[in-house]
């Protein structure tokens, strides 16, 4: 992944590195959830045949996490927000995930569902997070509705950050408009995050890249990772 001289690494990864890292990340997520009894949905690799105009991607698919449900009431603050899905089989990782009493709010709530996709960008040579929100009857959420679902800290980051902002773009594989975190500045971020990490051209290195990247961008959209994922590549 890196040049022999770490300082020359530009913070990007190749399509093949992304593919290998994505598969390793999904497998590690599954194992962490199993070992630590996290009742979370799994990431899965969605294989796609690249149409002619996507040949430059050199990636035959993307990572997908589907139908994550956020139950939220505008009348409660961020510290009391519960995350769950239908019949609560899955839950976004948080300190209170294992406490059913904290998952279901007494206040009147509306269920919002989210799909998250990690797609490789051939232009920026980095992973990009795409997502969409919809309510229980399938109606797509508008940006202002999505922003109300975000933790207040995320709104502050999106307001103040020079490199992280939500935009709407056509999904490279689905040909539909999805929201995405703009990738500008991501390579510089990754150089900072991994400046003291020895990465090699194997799944450990690329898995480390995906974990480090998602640990940052997932916080912006309120998708929390199992805490053990961040420690995996240090073991």
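In my numbering, the protein residues as written are 2 to 236. Glycine included, C-beta positions come from ideal geometry on N, C-alpha and C.
Short Cβ contact (8 Å threshold) for residue i with residue j
i	j	result
residue 184	residue 129	yes
residue 114	residue 144	no
residue 213	residue 226	no
residue 174	residue 16	no
residue 60	residue 19	yes
residue 30	residue 192	no
residue 119	residue 23	yes
residue 33	residue 220	no
residue 70	residue 112	yes
Three-state secondary structure assigned by DSSP to residue i
i	result
residue 188	helix
residue 14	coil
residue 49	coil
residue 79	Any reading at residue 79 needs caution, since the residue's pLDDT is 43, under 50, leaving its predicted position unreliable; the model's value is listed next. Correct three-state label for residue 79: helix.
residue 62	strand
residue 230	helix
residue 20	helix
residue 36	helix
residue 120	strand
residue 216	helix
residue 221	helix
residue 88	At residue 88 the pLDDT is 38, less than 50, meaning the model places this residue with poor confidence; the figure from the coordinates comes in the next sentence. Here residue 88 sits in coil by DSSP.
Cβ separation of residue i and residue j, assumed to be a contact under 8 Å, to the nearest whole Å
i	j	result
residue 218	residue 194	With a Cβ gap of about 11 Å, residue 218 and residue 194 do not count as contacting.
residue 133	residue 141	7 Å
residue 13	residue 188	5 Å
residue 21	residue 207	5 Å
residue 211	residue 26	4 Å
residue 125	residue 172	Rounded, the Cβ-Cβ distance is 16 Å, inconsistent with contact.
*Contact between the region 40-49 and the region 61-69: three or more CB pairs below 8 Å?*
Per the Cβ contact rule, the region 40-49 is in contact with the region 61-69 (3 or more Cβ pairs under 8 Å).
- beta strand (DSSP E) segments (min. 3 residues) lying fully within the region 122-184: Those beta strand (DSSP E) runs which fall completely within the region 122-184 and span 3+ residues are 127-136, 167-171, 178-182.
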